[in-house]
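Heads up, the sequence shown is in our numbering, so the first residue is 440 and it goes up one at a time. The C-beta atom is built at its ideal place from N, Cα and C for all residues, glycine as well. Worksheet for the structure shown next.
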Amino acid sequence: MSRVLAIDIGGTKLAAALVDESGSLLRTSTRPTPRADVMSALAALVAEVTDGGPPALAVGVGCAGPLDLATGTVSPVNMPSWRGFPLRDELRALTGLPAVLAGDA
């Protein structure tokens, strides 16, 4: 069974889900977005939804923009500490998976 890790990064909450090829949610979790060290909170969230199951094949992310798809960076207006943040590369390092960015606007 193919699985994808889905992540939503917002100014007030972080959400993650493990989704199968039919679109069914296998595991989900949310938590408030912290003011500092968002990646640590995201790492804990990802570990929570992926723990113990078969590995995901890829990770998809929704995040407010603007985003630069060529460089994989985001500069969400609601998260000032993330100006030019290399989200695609950080997610690849965190998960070891191919990462794709998409705007959530």
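Taking residue i as the reference, which of the options has the closest Cα?
i	options	result
T472	S461, L444, G491, A455	A455
S461	L453, V443, R470	V443
G430	L496, G491, G504	Absent from the model: residue 430. The displayed extent of the chain is 440 to 544, so no value can be given.
I448	L481, S520, P493	L481
E529	V488, R470, V498, D490	V498
Tell me where the alpha helix (DSSP H) around residue i begins and ends.
i	result
V545	Residue 545 lies beyond the range of the chain shown here (440 to 544); nothing can be said about it.
May I have the straight-line CA-CA distance separating residue i from residue j, to the nearest angstrom?
i	j	result
T451	M478	14 angstroms
S441	A486	18 angstroms
G535	L464	21 angstroms
G545	S468	Outside the displayed range of the chain (440 to 544) lies residue 545, so it cannot be described from this structure.
P519	C502	13 angstroms
V539	A475	24 angstroms
V516	D490	32 angstroms
V488	L506	26 angstroms
I446	R527	12 angstroms
R470	L453	5 angstroms
L533	V500	13 angstroms
L484	R466	11 angstroms
A541	P525	14 angstroms
Need the endpoints of the beta strand (DSSP E) that residue i sits in, please.
i	result
A454	452-459
R466	464-471
R527	It is not in any beta strand (DSSP E) - R527 instead sits in the alpha helix (DSSP H) that spans 526-534.
G504	Looking at the DSSP string, G504 is not in any beta strand (DSSP E), and its letter there is neither H nor E.
| message | Measuring CB atoms only, is the region 507-519 touching the region 456-463, in the sense that at least three cross pairs come out at less than 8 angstroms? | response | no
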